[in-house]
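Note sheet for the following structure.
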Amino acid sequence: MSILVTGGAGYIGSHTVRALRAAGRELVVLDSLELGDAQALLGADLVVGDIRDAELVHEICTRHAVTQVVHFAAYKAVGESMSQPGRYWRNNVAGTVDLVEAVLAAGVREFVFSSSCSVNGTPAQVPLDEDAPIHPESVYAQTKATTETILGWYGVTHGLRTVNLRYFNAAGASSDGAIGEDWTYSQNLVPLVMKAALGRIPELQVFGDDYPTPDGTCIRDYIHVEDLADAHVRALAHLAEGGEGANLNVGTGVGSSVLDVIRATERIAGAKVPYRIVARRAGDPTSTYADPARIQATLGWTAQHTLDDIITSAWNWHSAHADR
Ligand SMILES: NC(=O)c1ccc[n+]([C@@H]2O[C@H](COP(=O)([O-])OP(=O)(O)OC[C@H]3O[C@@H](n4cnc5c(N)ncnc54)[C@H](O)[C@@H]3O)[C@@H](O)[C@H]2O)c1
299 MSILVTGGAG
309 YIGSHTVRAL
319 RAAGRELVVL
329 DSLELGDAQA
339 LLGADLVVGD
349 IRDAELVHEI
359 CTRHAVTQVV
369 HFAAYKAVGE
379 SMSQPGRYWR
389 NNVAGTVDLV
399 EAVLAAGVRE
409 FVFSSSCSVN
419 GTPAQVPLDE
429 DAPIHPESVY
439 AQTKATTETI
449 LGWYGVTHGL
459 RTVNLRYFNA
469 AGASSDGAIG
479 EDWTYSQNLV
489 PLVMKAALGR
499 IPELQVFGDD
509 YPTPDGTCIR
519 DYIHVEDLAD
529 AHVRALAHLA
539 EGGEGANLNV
549 GTGVGSSVLD
559 VIRATERIAG
569 AKVPYRIVAR
579 RAGDPTSTYA
589 DPARIQATLG
599 WTAQHTLDDI
609 ITSAWNWHSA
619 HADR
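Numbers in the working numbering are just positions in the sequence shown, counted from 1, shifted up by 298.
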């Protein structure tokens with residue numbers, strides 16, 4: 299009995315692989331390494347290949363007696379998804395269909411999918427729960443919503459049980475500094491704040507300070523990557539015990555503003571974060587954070603890390619690996 303982890307050499311995947319191994323689970327990673335780093339696997343079993351290679355996927359499932367899949371492999375850049383939509387439909391949606399068909403043929407019926415709170419678009423109210431309307435506002439978000447629907451239909455047609463984990467803003471690095479986020483392509487706030495604090499960019503752009511929030515900047519739910527990893531360990535255990543598929547929001551329930559993140563970084567790093575307020579960016583919701591009640595009830599999961607833990611681990615990681 300083992301787990302196939304697609305995209306396991308990526309940011310969230312590598313932290314999850316580590317948590318699964320720490321929990322004593324057998325696993326094999328399938329990653330193209332297009333955006334992943336084999337070193338981040340810390341010696342876990344890796345097959346370099348594509349999720350769309352049905353023969354390879356079937357062969358891995360048979361050779362490793364795979365009974366469960368965690369599916370991280372996807373593209374995730376919202377802006378790029380609007381300029382190159384075909385790349386996203388093909389990899390995120392069609393790629394998942396190819397993967398699912400192959401694992402079903404090998405007898406797998408338990409699936410954990412990396413979804414996103416972006417399936418809800420701009421929330422009408424916060425905290426955001428799982429019953430909020432599905433309203434994607436980008437091709438990327440639509441690929442996640444469409445994939446959730448497709449996985450649901452594989453439940454009807456083939457008995458696939460899927461936990462869709464809808465992540466909020468993944469951030470931070472491992473607490474021991476062993477692995478972290480590659481900031482080369484990331485447009486996420488925390489790596490950009492770190493770049494500014496380390497002098498790798500002249501200044502951080504803050505998109506708008508006139509939102510109706512206490513300090514005028516947007517509010518998000520930053521979730522430590524090790525807490526996210528733990529949610530996957532629990533989701534797999536839930537499915538192995540016969541638990542039903544579910545949509546689960548994975549967030550702390552606490553919103554932090556852009557200025558909160560900047561101030562926490564300046565305090566923890568003891569370094570200035572140069573920033574400039576610029577115009578609002580189209581499509582940025584004012585405020586979004588999770589209602590974590592359902593994941594708590596279903597998986598017994600609650601976030602263990604605070605924003606300070608996120609900033610401390612990210613600072614330790616990026617200041618030691620300023621080349622990536
Ligand atoms: N990072 C976030 O804040 C966030 C939030 C919500 C959802 N997600 C989702 O979580 C998942 C993981 O995100 P991440 O931040 O770790 O991204 P990442 O880019 O670091 O990891 C993705 C991995 O998938 C691999 N990959 C991509 N396409 C592949 C293919 N066709 N075959 C094999 N491997 C392939 C890449 O090489 C990479 O290692 C993605 O599905 C992403 O959409 C991420």
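Built from N, CA and C at the ideal position, the CB exists for glycine as well.
These numbers were taken from a predicted model, which means no experiment stands behind them.
Does the beta-carbon of residue i have 16 or more other beta-carbons within 10 angstroms, so that it is buried, or is it exposed?
i, result
"E353", "exposed"
"Q440", "buried"
"M492", "buried"
"T304", "buried"
"K442", "buried"
"H456", "exposed"
"P489", "buried"
"S436", "buried"
"T445", "buried"
"T550", "buried"
"E479", "buried"
"T447", "exposed"
"W615", "buried"
"T610", "buried"
"A268", "Only positions 299 to 622 of the chain appear in this structure, which leaves residue 268 out of reach."
"V346", "exposed"
Can you tell which of the options has the C-alpha that lies nearest to the C-alpha of residue i?
i, options, result
"T314", "I432, R532 and G453", "R532"
"M299", "D480, R388 and G405", "G405"
"I608", "L597, A529, A595 and A562", "A562"
"C516", "N467, S472 and E479", "N467"
"A400", "D429, G334, Q366 and L426", "Q366"
"D351", "L344, V368 and L328", "L328"
"K570", "A580, A577, R579 and V559", "V559"
"D348", "H369, A618 and A342", "H369"
"V548", "C415, D343 and A403", "C415"
"P512", "V556, R498 and A476", "V556"
"I575", "W613, G581, G514 and Y465", "G514"
"Y573", "R579, G497, I310 and G334", "G497"
"I593", "A529, L605 and I310", "A529"
"G334", "S484, L534 and A577", "S484"
"D621", "R319, W481 and L331", "W481"
Consider the C-beta atom of residue i and the heavy atoms of ligand 1; say whether any pair is separated by less than 7 Å.
i, result
"G505", "As written in the sequence, residue 505 is Phe, which differs from the Gly given in the question. No."
"A371", "yes"
"R350", "yes"
"Y465", "yes"
"E357", "no"
"Y573", "no"
"L328", "yes"
"E524", "no"
"A321", "no"
"Y587", "no"
"S611", "no"
"T304", "yes"
"N486", "yes"
"S555", "no"
"K374", "yes"
"A468", "yes"
Based on DSSP bridge pairs, tell me the residues matched to residue i.
i, result
"A544", "V461"
"F409", "V367 and T460"
"N467", "Y520"
"S585", "I517"
"Y573", "L502"
"D329", "V346"
"I301", "L325 and Q366"
"S555", "I517"
"S414", "Y465"
"L426", "A588"
| Do the stretch 593-606 and the stretch 520-530 meet, that is, are 3 or more Cβ pairs less than 8 Å apart? | yes
| said: Would you call the stretch 584-598 in contact with the stretch 417-431, where contact means no fewer than 3 C-beta pairs closer than 8 Å? | reply: yes
| request: Say whether the stretch 397-414 touches the stretch 460-478, bearing in mind that this needs 3 or more beta-carbon pairs closer than 8 Å, one atom from each stretch. | output: yes
| Does the stretch 388-395 come close enough to the stretch 497-507 to have 3 or more Cβ pairs within less than 8 Å? | no
| query | At a cut of 8 Å, does the stretch 508-515 reach the stretch 534-549 through at least three beta carbon pairs? | reply | no
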